[in-house]
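There are 2 protein chains.
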Amino acid sequence: MTPDFETLSDFAEILTALPSANPAAKADAEDRNGQLTKPPGALGRLEDLAIWYASWVGSGRPEIKSPQVVIFAGNHGVAAAGVSAFPPEVTEQMVFNFQAGGAAINQLSKAFDAKLDVHALDLDRPTADFSKGPAMSETECVAALKAGWNAVDLKADLFVTGEMGIGNTTPAAAIAAALFGGGADAWVGRGTGVDDAGLARKAAVVEAGLAQNADAMGSPLDVLRCLGGRELAAMAGAITRARVESIPVLLDGFICTAAASVLHATAENALDHTQAAHLSAEGAHSNLLDKLGKSPILSMGLRLGEGSGAALAIGVLKGAIACHSGMATFAEAGVSDA
Amino acid sequence: MTPDFETLSDFAEILTALPSANPAAKADAEDRNGQLTKPPGALGRLEDLAIWYASWVGSGRPEIKSPQVVIFAGNHGVAAAGVSAFPPEVTEQMVFNFQAGGAAINQLSKAFDAKLDVHALDLDRPTADFSKGPAMSETECVAALKAGWNAVDLKADLFVTGEMGIGNTTPAAAIAAALFGGGADAWVGRGTGVDDAGLARKAAVVEAGLAQNADAMGSPLDVLRCLGGRELAAMAGAITRARVESIPVLLDGFICTAAASVLHATAENALDHTQAAHLSAEGAHSNLLDKLGKSPILSMGLRLGEGSGAALAIGVLKGAIACHSGMATFAEAGVSDA
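Chains as they are written, first to last, in the working numbering: chain A, 1 to 338; chain B, 339 to 676.
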């Protein structure tokens, strides 16, 4: 039975009892990989990706037919503190752009045959300014987790989640600082392009948020509630649901990874069904991936969000699976082994 | 009129009079890029790739509809010296595998809707062992350049070339050593997986080749003739033809890049229509790309050849062009600019 949750404590419990990868499918995929017409290891990380994917979807010779991309949008009280180069109304304007098919993520989803869904989360009701107290009540945070949880298409065979929310590199940096320490300066960056003064404001807001929400520091899910935002909580909910359904996930950039970090901090194995799709240009992303033990598939200097980096990596993963499942073996092709 | 050549000197002349990118298309693409609904620069290298591609195909808002992948296969006298982990008959066996659709490049070409052509170049007549003298006569080298030149589909809007040839990391290393110095040890690597003894044999063969063909060192095309092989010359011919036709090219790994280096050494601008698709696991590839001033799009630890890394990058380039040509502008979408 699919688990359910009404509180953050219920949600934490789900994270303590997550399903594992399928060892038989993994063994089948490794066996097949060793017989394909190529020198051992010659497809490099494509081989690792194929075996990882096979182990989660439970087939030694899988296909990718139905990738799903879901964008969650949210607004943030901290945006009023001048932490972004763009005004807050752009969150909703970009939601309209997603719905009209005009954004980068629309083009990338189409290019790699992924279904794209967009969920705007109470945009007229920004979260509270976390530098003055908790961003969300438990009820609000659970509702956002559920929005993510329910957004996953159970027929998807690959899941990507992205976000839109003016100002949301600031809550992402605050979450990273709360979970991993090092102070605000280690985690804030230029986001969509703030100047030096904007960067200083971001650091000050994050420091204030850490101080104001000191009580939350003992629990990663409380960190998400007090320093996060609806789209971050929704991504965490969706990534968890994908795991419960054994759907592999490609993590997008800094904000998506910060949301995922909350899961990792709650249960160390919680991200085993995920790969880091890309290394963002947001400076702290590299450090955040290191904390999670993840190595990015792509490094293209993206810093757009929307799930764009992860959607781009769908193409690479499709290439990996096409090789793994489509190539002939040495025996089938009559090719001499080394 | 398309140029023609009957000698290496004719071919060198073509390289001195190559067409440039289209400056109007480049300006159009840059202008469009600045208006798209994203923060400036937020698509990172995808933006650079889109502008580069636009400038070569001559349209500020291009599409990629007809990529072509061409594999050239050749056999090498030096293979008898034990420089590969695989026996020479595998070259022809793999050609059959390409023709039957069973190799990695077949799957990747299909995944990214590229046409795949395979040209086996006199497999029953390996080039001479270059450690004892020139690998090819001028007639043989010109014939191989022409095989490449004539293999380019003039209706292609993106070109990828790859190779199959047991032992061919050795001629590639010899070419690199001849063009850029540093000695054999700086350029030989494990290829498809030779052991330490095999690696030492490769270095010795390359050193002998450099000494035996000292007369060739003054001319990059003579280096190609004396130290290269048919599939390397064919790739050089094809990359040049693509340039003459203003077709953008994605360079594959170490061997393809070594072939391309001959063009660069002859005319410094000869590779402006190319991008380095990936960084190979073959250790010297990074150094070779540095010599050409190229930064790889992907770094996946591939070391297979066949054009596999470049074919994988077709997906990334398609994503870049989909964003560039498909996204709405700020004005179209009614989104507030920064």
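All residues carry an ideal CB built from backbone N, CA and C; glycine is no exception.
Practice task
With DSSP as the reference, label A/GLU282 as helix, strand or coil.
Solution key: Locating residue 282 of chain A in the first sequence gives position 282, where the first residue counts as 1. A/GLU282: coil per DSSP, three-state reduction.
Practice task
Check A/THR274 in the structure and name its three-state DSSP category.
Solution key: Counting from 1 along the first sequence, the entry for residue 274 of chain A is found at position 274. Strand.
Exercise for the section: Following the continuous beta strand (DSSP E) through A/ALA120, name the residue where it begins and the one where it ends. Expected result: Numbered from 1 along the first sequence, position 120 holds the residue referred to as residue 120 of chain A. 115-120 is the span of the beta strand (DSSP E), which, as asked, contains A/ALA120.
Problem - Neighbour-count burial assignment, B/ASP553, 16 or more Cβ in a 10 Å radius - result: Taking the second sequence and counting its residues from 1, one reaches residue 553 of chain B at position 215. Burial call: exposed.
Practice task
Look at the alpha carbon of B/GLY664 and the alpha carbon of A/ALA104, and state the distance between them as a whole number of angstroms.
Solution key: Along the second sequence, read from residue 1 onward, the residue named residue 664 of chain B stands at position 326. Along the first sequence, read from residue 1 onward, the residue named residue 104 of chain A stands at position 104. Their Cα atoms are separated by approximately 8 angstroms.
Handout entry: With 16 other Cβ atoms within 10 Å as the buried cut-off, status of B/ASP590
Key = Against the second sequence, residue 590 of chain B aligns to sequence position 252. By the neighbour-count definition (other C-beta atoms within 10 Å, threshold 16), B/ASP590 is a buried residue.
Problem - For B/HIS662, the residue or residues it bridges with in DSSP - result: Taking the first residue of the second sequence as 1, we reach residue 662 of chain B at position 324. B/HIS662 is not bridged to any residue.
Exercise for the section: Confirm, please, whether the CB-CB distance from B/LEU640 to B/SER646 is below 8 angstroms. Expected result: Working through the second sequence from its first residue, we reach residue 646 of chain B at position 308. Working through the second sequence from its first residue, we reach residue 640 of chain B at position 302. Contact: yes.
Practice task
Classify A/LYS115 as buried or exposed, calling it buried when 16 or more other Cβ atoms lie within 10 Å of its own Cβ.
Solution key: Numbered from 1 along the first sequence, position 115 holds the residue referred to as residue 115 of chain A. Answer is exposed; the Cβ neighbour count stays below 16.
Problem - Where B/ILE409 sits in the DSSP three-state scheme - result: To locate residue 409 of chain B, count along the second sequence from 1; it is residue 71. Here B/ILE409 sits in strand by DSSP.
Handout entry: Span separating the alpha-carbon of B/LYS448 from that of A/ASP185
Key = Reading the second sequence from its first residue, position 110 is the one you call residue 448 of chain B. Reading the first sequence from its first residue, position 185 is the one you call residue 185 of chain A. C-alpha separation (whole angstroms): 46 angstroms.
Exercise for the section: Determine, using beta carbons only, whether A/VAL335 comes closer than 8 angstroms to chain B. Expected result: Indexing the first sequence from 1 puts residue 335 of chain A at position 335. Closer than 8 angstroms to some Cβ of chain B, the Cβ of A/VAL335 qualifies, so yes.
Exercise for the section: Compare the Cα-Cα distances from B/LYS364 to each of B/SER637, B/ALA666 and B/HIS662 and report the closest residue. Expected result: Numbered from its first residue, the second sequence carries residue 364 of chain B at position 26. Nearest of B/SER637, B/ALA666 and B/HIS662 to B/LYS364, Cα basis: B/HIS662.
Problem - Cβ-based contacts, 7 angstroms cut-off: residues of the region 404-428 of chain B near chain A - result: Correct list: ALA423, PHE424, PRO425, GLU427 and VAL428.
Exercise for the section: Check whether the Cβ atoms of B/SER584 and B/GLY396 lie closer than 8 angstroms to each other. Expected result: Here residue 584 of chain B refers to the residue found at position 246 when the second sequence is read from its first residue. Here residue 396 of chain B refers to the residue found at position 58 when the second sequence is read from its first residue. In this structure, B/GLY396 lies closer than 8 angstroms to B/SER584 by Cβ.
Handout entry: is_contact[A/LEU43, chain B] using C-beta, thresh 8 angstroms
Key = Here residue 43 of chain A is taken as the residue at index 43 of the first sequence, counted from 1. Taking Cβ atoms only, chain B reaches closer than 8 angstroms to A/LEU43, which makes this a yes.
Handout entry: A/GLY189 beta carbon less than 8 angstroms from that of A/ALA284
Key = In the first sequence, the residue the question calls residue 284 of chain A occupies position 284. In the first sequence, the residue the question calls residue 189 of chain A occupies position 189. In this structure, A/GLY189 lies closer than 8 angstroms to A/ALA284 by Cβ.
Problem - 6 angstroms CB neighbourhood of B/VAL600 in its chain, flanking five on each side removed - result: Locating residue 600 of chain B in the second sequence gives position 262, counting from the first residue. Once the five neighbours on either side are set aside, the close Cβ partners of B/VAL600 are PRO558, LEU562 and ALA574.
Exercise for the section: Tell me B/LEU374's beta-bridge partners as DSSP assigns them. Expected result: For the purposes of this step, residue 374 of chain B is taken as the residue at position 36 of the second sequence. Within the DSSP secondary-structure output, B/LEU374 pairs in a beta bridge with B/THR667.
Problem - Between the CA atoms of B/ALA572 and B/LEU609 - distance to the nearest angstrom - result: Counting from one through the second sequence, the residue named residue 609 of chain B turns up at place 271. Counting from one through the second sequence, the residue named residue 572 of chain B turns up at place 234. Going from the Cα of B/LEU609 to the Cα of B/ALA572 covers about 16 angstroms.
Practice task
Would you mind stating whether B/GLU681 and B/VAL480 have Cβ atoms separated by less than 8 angstroms?
Solution key: Any answer about residue 681 of chain B is impossible in this case: the structure gives chain B only from 339 up to 676.
Practice task
Taking 8 angstroms as the cut-off, decide whether the C-beta atoms of A/LEU46 and A/GLY319 are in contact.
Solution key: Numbered from its first residue, the first sequence carries residue 46 of chain A at position 46. Numbered from its first residue, the first sequence carries residue 319 of chain A at position 319. Yes, they are a contact pair.
Problem - Sheet register partners of A/LEU298 (DSSP bridge) - result: Taking the first sequence and counting its residues from 1, one reaches residue 298 of chain A at position 298. A/LEU298 pairs with A/HIS278.
Practice task
Output, in chain order, the set of chain B residues within a Cβ distance shorter than 8 angstroms of A/GLU332.
Solution key: Taking the first residue of the first sequence as 1, we reach residue 332 of chain A at position 332. Within 8 angstroms Cβ-Cβ: GLY440.
Exercise for the section: Could you tell me whether the Cβ atoms of B/ARG581 and B/PRO361 are closer together than 8 angstroms? Expected result: Position 243 of the second sequence, counted from the start, is the residue given in the question as residue 581 of chain B. Position 23 of the second sequence, counted from the start, is the residue given in the question as residue 361 of chain B. Against a cut-off of 8 angstroms, the Cβ pair of B/PRO361 and B/ARG581 comes out as no contact.
Practice task
Would you mind telling me which residues of chain A sit closer than 9 angstroms to B/MET432, beta carbon to beta carbon, in chain order?
Solution key: Here residue 432 of chain B corresponds to residue number 94 of the second sequence, with the count starting at 1. Those within 9 angstroms of B/MET432 in chain A are THR37, ALA333 and VAL335.
Exercise for the section: Report yes if the C-beta distance between B/LEU565 and B/PHE468 is below 8 angstroms; otherwise report no. Expected result: Along the second sequence, one-based indexing puts residue 565 of chain B at 227. Along the second sequence, one-based indexing puts residue 468 of chain B at 130. For B/LEU565 and B/PHE468, yes; Cβs fall inside 8 angstroms.
Practice task
Give a yes or no on whether the minimum CB-CB distance between B/THR604 and chain A is below 8 angstroms.
Solution key: If you number the second sequence from 1, residue 604 of chain B lands on position 266. It does not; no Cβ of chain A falls within 8 angstroms.
Handout entry: Beta-carbon gap between B/ALA458 and B/VAL498 smaller than 8 angstroms
Key = The count along the second sequence starts at 1 and reaches residue 458 of chain B at position 120. The count along the second sequence starts at 1 and reaches residue 498 of chain B at position 160. By the CB criterion at 8 angstroms, B/ALA458 and B/VAL498 fall outside the cutoff.
Practice task
Could you name the residues of the same chain whose beta carbon sits closer than 8 angstroms to that of A/ALA238, not counting the 5 residues immediately before and after it, in chain order?
Solution key: As a working mapping, residue 238 of chain A is identified with position 238 in the first sequence. So the qualifying residues of the chain are VAL70, PHE72, GLY148, TRP149, ALA151, VAL152, PHE159 and THR161.
Exercise for the section: Anything in chain B within Cβ reach of A/LEU302, meaning under 9 angstroms, just list it in chain order. Expected result: The residue you call residue 302 of chain A lines up with position 302 of the first sequence. Residues of chain B passing the Cβ test: ALA380, LEU381, GLY382, ARG383 and LEU384.
Practice task
May I have a chain-ordered list of the alpha helix (DSSP H) segments no shorter than 4 residues that lie completely inside the region 524-565 of chain B?
Solution key: 534-550 and 558-565
Practice task
For A/ILE255, I'd like the list of residues in its chain whose CB is within less than 7 angstroms of its CB, leaving aside the five on either flank, ordered along the chain.
Solution key: By 1-based counting over the first sequence, the position of residue 255 of chain A is 255. Here the set comprises GLU163, ASN168, THR169, ALA172, LEU232 and GLY305.
Practice task
Starting from the C-beta of B/HIS602, find all residues in its chain whose C-beta is less than 7 angstroms away, skip the five residues before and the five after it, and write them out in chain order.
Solution key: In the second sequence, counting from the first residue as 1, residue 602 of chain B sits at position 264. So the qualifying residues of the chain are ALA608, LEU609 and LEU630.
Problem - Residue nearest to B/SER347 in terms of C-alpha spacing, selected from B/ALA671, B/THR477, B/ILE389 and B/LEU492 - result: For the purposes of this step, residue 347 of chain B is identified with residue 9 of the second sequence, where counting begins at 1. Measuring from the Cα of B/SER347, the nearest candidate turns out to be B/THR477.
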